[in-house]
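Peer 1: Got a structure here, written out as structure tokens. Questions coming.
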Amino acid sequence: MIAASGAVPPASAQVAKEWPSQPVRIIVPFQAGGATDLISRYLGTGLGQIFQQPFVVENRPGAAAMIGSDLAARAPSDGYTLLMSGPASMVTNRFLYKKLSYDPDAFEKVAVVADTPNILLASPALPFRTLPEMIAYAKANPGKLTYASFGTGTTSHIAGEMLKAEAGIDIVHVPYKGAAEALPALLSGQVSLYFDTIMTGLPYVKAGKLRALGVTRRERSPMAPDVPTIAEQGYPGFDIAPWYGIVAPKGTPAAVVGKLNAAVNRLLKEPGFRDKLASTGAEPRGGSVADFRAMIDAEVPRTEKLVKQSGVSLQ
-6 MIAASGAVPP ASAQVAKEWP SQPVRIIVPF QAGGATDLIS RYLGTGLGQI FQQPFVVENR
54 PGAAAMIGSD LAARAPSDGY TLLMSGPASM VTNRFLYKKL SYDPDAFEKV AVVADTPNIL
114 LASPALPFRT LPEMIAYAKA NPGKLTYASF GTGTTSHIAG EMLKAEAGID IVHVPYKGAA
174 EALPALLSGQ VSLYFDTIMT GLPYVKAGKL RALGVTRRER SPMAPDVPTI AEQGYPGFDI
234 APWYGIVAPK GTPAAVVGKL NAAVNRLLKE PGFRDKLAST GAEPRGGSVA DFRAMIDAEV
294 PRTEKLVKQS GVSLQ
């Protein structure tokens, strides 16, 4: 009996061998058309080719990524539901909300796919062309300028609050469900400023429809080498950017997580996939499951400090 039982593969190994035998959904907690959505679709196409099953993107935007995150957290832990997570869903929300509908730690970390800088955009109709000029205008007109974000608790929101705190200015936050709403609001003049992902905002800068005041990373972006960072314009500690990582509901078999991690890392080495990421302004990351866990463990205390520094009120 012992010999016979030893010949039977472990349950998780058997699950991994059979997985995926049906379509897999990737929940994206933001609207279609933004960087998170595009990266998820590129990833889904690549994973579909590797595993010969459809990986279908399902957009569930709203509530600072909480609607989609909650849906993913409640899904069966069978490997057929994944979440394209980011700083809001995994880290920031726990410091902004007294009670969450999901547990940010109740996910199996799979792999970090990429990260990308945000860019501070302004309407050309406003009487400033640079970040220092905007700061001076905001100080002379407290509460007059507004800034859009792609959701409360997202990096675009925290970036705005950080700038308010570091520059000592009063600009009013206007949250949207994603870039598909926030960018038109800026273009139409409903808001003054917007911390957008560089991929969606830069084409409007090049077309002369918007002005770029600064990049939120410590280093300049290869996509916009002429746009200075906010850090180099007098705020040396300013360094914040969204990242994109695949997670699965808690309890998803380790063998399935391992297969997914290997597939993501394989894609990140392929020139065609890297070119697609570059078109969004994203830089490939990758690494092991343990690397992903360590990254989040390091971000939690850092983000808690940033949220306190920004002065964002808990809700």
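Residue numbers (the working numbering): -6 to 308.
Every residue gets a Cβ at the ideal spot worked out from N, C-alpha and C, and that includes glycine.
(1) For Gly26, which residues of its own chain have a beta-carbon under 7 Å away from its beta-carbon, when the five flanking residues on both sides are left out?
(2) Run through DSSP, which three-state label would Met155 get?
(3) Give the secondary structure of Asn86 by DSSP, where H, G and I count as helix, E and B as strand, and everything else as coil.
(4) With DSSP run on the structure shown, which of helix, strand or coil describes Glu297?
(5) Taking the C-alpha atoms as reference points, what is the distance between Ile128 and Glu292?
(6) Buried or exposed: where does Lys102 fall if 16 or more other Cβ atoms within 10 Å of its Cβ makes it buried?
(7) From this set, Pro135, Leu89, Val198, which residue's C-alpha is nearest Ala160's C-alpha?
(8) Taking the C-alpha atoms as reference points, what is the distance between Leu299 and Ser14?
(9) According to the Cβ coordinates, are Pro277 and Ala104 closer than 7 Å?
(10) Roughly how many angstroms lie between the CA atoms of Ser33 and Pro80, to the nearest whole one?
(11) With burial defined as no fewer than 16 other Cβ atoms inside 10 Å of the residue's Cβ, what is the status of Asp63: buried or exposed?
(12) Give me, in chain order, the residues of the same chain whose beta-carbon lies closer than 6 Å to that of Gly297; leave out the 5 immediate sequence neighbours on both sides.
(13) Among Arg211, Ser82, Lys10, Pro221, which has the Cα closest to the Cα of Phe23?
(14) Counting along the chain, where does the beta strand (DSSP E) carrying Arg18 start and finish?
(15) So, helix, strand or coil for Leu289, using DSSP?
(16) Counting C-beta neighbours from all protein chains within 10 Å, is the total for Val49 16 or more, i.e. buried, or is it exposed?
(17) Whose CA, out of Thr209, Gly251, Val249, Lys137, lies closest to the CA of Leu156?
(18) With Ser33 as the anchor, note down where its alpha helix (DSSP H) starts and where it stops.
(19) Please classify Glu51: does DSSP put it in a helix, a strand, or coil?
(20) Going by Cα to Cα distance, which pick from Asp268, Ile239, Gly244 is closest to Ser281?
(21) Determine, using beta carbons only, whether Tyr73 and Val17 come nearer to each other than 7 Å.
Peer 2: Well, looking at it:
(1) Ala172, Ala173
(2) helix
(3) helix
(4) helix
(5) 28 Å
(6) buried
(7) Nearest of Pro135, Leu89, Val198 to Ala160, Cα basis: Pro135.
(8) 43 Å
(9) no
(10) 15 Å
(11) buried
(12) Sequence check: residue 297 is Glu here, not Gly. Here the set comprises Phe88.
(13) Ser82
(14) 17 to 21
(15) Before going further, note that residue 289 is Ile rather than Leu in the sequence given. In this structure, Ile289 counts as helix in the three-state DSSP scheme.
(16) exposed
(17) Thr209
(18) 28 to 44
(19) Three-state result, Glu51: strand.
(20) The shortest Cα separation from Ser281 among Asp268, Ile239, Gly244 belongs to Ile239.
(21) yes
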